[in-house]
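Heads up, the thing below is written out as structure tokens.
Protein chains: 2
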Amino acid sequence: MKRTPGEISKMTERFEGAIRRAGIKLTPQRIAIYREVARTADHPDIETVFRNVRRKLPSVSLDTVYRTLGLFADLGLVMTVRPLGYRLRFDANTSPHHHFVCTRCGATLDFEYREFDTLRIPAAASALGRVESRHVEFRGLCASCAPGPARSKGKSAKRTNGTRSHRP
Amino acid sequence: MKRTPGEISKMTERFEGAIRRAGIKLTPQRIAIYREVARTADHPDIETVFRNVRRKLPSVSLDTVYRTLGLFADLGLVMTVRPLGYRLRFDANTSPHHHFVCTRCGATLDFEYREFDTLRIPAAASALGRVESRHVEFRGLCASCAPGPARSKGKSAKRTNGTRSHRP
DNA sequence: TTCTTAATTAGTAAATATTCCTATTTATCG
DNA sequence: CGATAAATAGGAATATTTACTAATTAAGAA
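These protein sequence lines map, in sequence, to chains A and B.
As numbered in our numbering, the first sequence has no gaps in its residue numbers, which increase by one up to the final residue, 168.
As numbered in our numbering, the second sequence has no gaps in its residue numbers, which increase by one up to the final residue, 1168.
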């Protein structure tokens, strides 16, 4: 799920422009955190971003990661994704896309859905308020959880539907 | 957003049948929790369910509410909804519907979207796994947050996009 | 009905996740 | 270079969710 160096620098460039336009400081922490999120397309959670950024900047605090990703979300530089019950995740991909969430392992996968993007907003929804963004989430078993591995007890059986196991 | 007594008893009836078919116990706690979630359509969070159920059963524990709603979700009796950053919420409405989430006040409103329900699943998504459920989320400002009230500083300004304010 | 038993719960402790507070550092601009 | 408002680190404080265990109880058998 790695992005190419070319993609990353293009994204970073846009990022720096956005920060400047917003009139806020371009700090090494912000750059490192953005680059970490932009590096791959696999929806890292806060903990992961924190851990990886620390390898470059050993002194960054967890608070800074929360604060910074929240800022990026407000600026529209990253999308927030809720893999339903697991940790809050961020995605540097801000082009219109949607998510497939595996209900077993929690994998969150992007896909495009042009037919949906161009679908009209139903009156039932516009009556509720001004729709500013739209997002589809499919839930199901991902390819690696679905058919073959009838085994796999513990590890891959993380709950990801926002609940936990009702103890037997 | 109240449901009528008629709706509620019909739902409760189905609920009791489902519990029996699942071969698990029909306890007063489970009944009270289900009825509380079925009572309205406004997506209560755990805390709210807990508080209201306690008025009927003063001894229920928070753990029981978590456990029980998780069980219901597994049985398909409630849907889990992530209003993006706020508390996990549950919805007893299991008929196909979608959500409008207010990015200011966190209100989570249902709407139907037949055109989407009948849209074909794109190949890009079915390649990722077997799609078992599909859900649309619109984000924006709800009717009461949108135009008029230019005031309202603190209270109604809860962040609901999974982030928090970057302190100035 | 009473008995038996495995499931369920209450209550509390513990683990996670997120946010707040403040002294210190630093990017930006003149 | 300064000045200064913004941003950060570090740790404390909250909030949320889960785990543990003794006691209770629903459901089925007798």
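All C-beta atoms, glycine included, are put in the ideal place defined by N, C-alpha and C.
Just so it is clear, the structure is predicted and the values come from calculations on it, not from any experiment.
Kindly give me the distance between the Cβ atoms of residue i and residue j, rounded to whole angstroms, as I take these residues to be in contact under 8 Å.
i                 : j                 : result
MET1011 (chain B) : ALA1038 (chain B) : 5 Å
ARG139 (chain A)  : SER1095 (chain B) : Rounded, the Cβ-Cβ distance is 16 Å, inconsistent with contact.
ILE19 (chain A)   : ARG30 (chain A)   : 7 Å
HIS1043 (chain B) : ASP1091 (chain B) : 5 Å
GLU137 (chain A)  : GLU1137 (chain B) : 7 Å
GLU1112 (chain B) : HIS1099 (chain B) : Not really, about 11 Å apart at Cβ, beyond 8 Å.
LEU1119 (chain B) : LEU119 (chain A)  : 7 Å
State buried or exposed for residue i, treating a residue as buried only when at least 16 other CB atoms are found within 10 Å of its CB.
i                 : result
ILE121 (chain A)  : exposed
PRO28 (chain A)   : exposed
ASP117 (chain A)  : exposed
LEU109 (chain A)  : buried
THR1004 (chain B) : exposed
ARG993 (chain B)  : Only positions 1001 to 1168 of chain B appear in the structure, and residue 993 (chain B) is not among them; the question remains open.
ALA146 (chain A)  : exposed
LEU1062 (chain B) : exposed
GLY1085 (chain B) : Since pLDDT at GLY1085 (chain B) reaches only 44, below the 50 mark, its modelled position is unreliable, and no value is offered.
Can you grab the Cα-Cα spacing for the pair residue i / residue j, in whole Å?
i                 : j                 : result
ALA1124 (chain B) : ARG1054 (chain B) : 47 Å
CYS1102 (chain B) : GLY1023 (chain B) : 39 Å
ALA41 (chain A)   : LEU57 (chain A)   : 22 Å
LEU71 (chain A)   : LEU77 (chain A)   : 9 Å
GLY1129 (chain B) : ALA143 (chain A)  : 5 Å
THR1064 (chain B) : LEU26 (chain A)   : 47 Å
LEU69 (chain A)   : ALA1127 (chain B) : 30 Å
GLU1013 (chain B) : GLY1006 (chain B) : 11 Å
ILE1008 (chain B) : ARG1035 (chain B) : 7 Å
ILE33 (chain A)   : GLU1016 (chain B) : 50 Å
ARG947 (chain B)  : TYR1066 (chain B) : Coverage of chain B is limited to positions 1001 through 1168, which leaves residue 947 (chain B) absent and any answer about it impossible.
THR48 (chain A)   : ALA73 (chain A)   : 17 Å
ARG1151 (chain B) : VAL131 (chain A)  : Because ARG1151 (chain B) carries a pLDDT of 34, less than 50, the predicted location of this residue cannot be relied on, and no value is offered for it.
VAL1060 (chain B) : ASN52 (chain A)   : 42 Å
LEU1141 (chain B) : LEU141 (chain A)  : 33 Å
PHE1050 (chain B) : LYS2 (chain A)    : 44 Å
PRO1083 (chain B) : ALA1107 (chain B) : Unreliable positioning characterises PRO1083 (chain B) in this predicted model, as indicated by a pLDDT of 47, which lies under 50. The coordinate reading is nonetheless provided below. Roughly 8 Å between the two C-alpha positions.
What residues are listed by DSSP as bridge partners for residue i?
i                 : result
ARG139 (chain A)  : A:VAL101 and B:SER1133
LEU1109 (chain B) : B:PHE1100
LYS2 (chain A)    : A:THR40
MET1079 (chain B) : B:ASP1091
Please indicate yes or no: does the CB of residue i lie closer than 8 Å to some heavy atom of the ligand MG?
i               : result
ALA38 (chain A) : Judged by which ligands are present, the structure shown has none, so any question about the ligand MG falls away.
Subject >> chain A contacts from the stretch 1007–1028 of chain B (Cβ-Cβ distance under 8 Å) >> reply: Residues passing the 8 Å Cβ filter: none.
Subject >> Contact list for the stretch 33–53 of chain A against chain B, Cβ threshold 8 Å >> reply: none
Original post:
Closer than 7 Å, Cβ to any Cβ of chain B: which residues of the stretch 118–131 of chain A, in chain order?
Top reply: LEU119, PRO122, ALA124, ALA125, LEU128, GLY129, ARG130 and VAL131
Original post:
Taking any Cβ of chain A, which residues in the stretch 1064–1076 of chain B have a Cβ under 8 Å from it, in chain order?
Top reply: Answer in chain order: TYR1066, ARG1067, THR1068, LEU1069, GLY1070, LEU1071, ALA1073 and ASP1074.
Subject >> Near-chain A residues of the stretch 1131–1142 of chain B - C-beta to any C-beta below 9 Å >> reply: VAL1131, GLU1132, SER1133, ARG1134, HIS1135, VAL1136, GLU1137, PHE1138, ARG1139, GLY1140, LEU1141 and CYS1142
Subject >> Residues of the stretch 95–110 of chain A whose Cβ lies closer than 8 Å to any Cβ of chain B, in chain order >> reply: Result list: HIS98, PHE100, CYS102, THR103 and LEU109.
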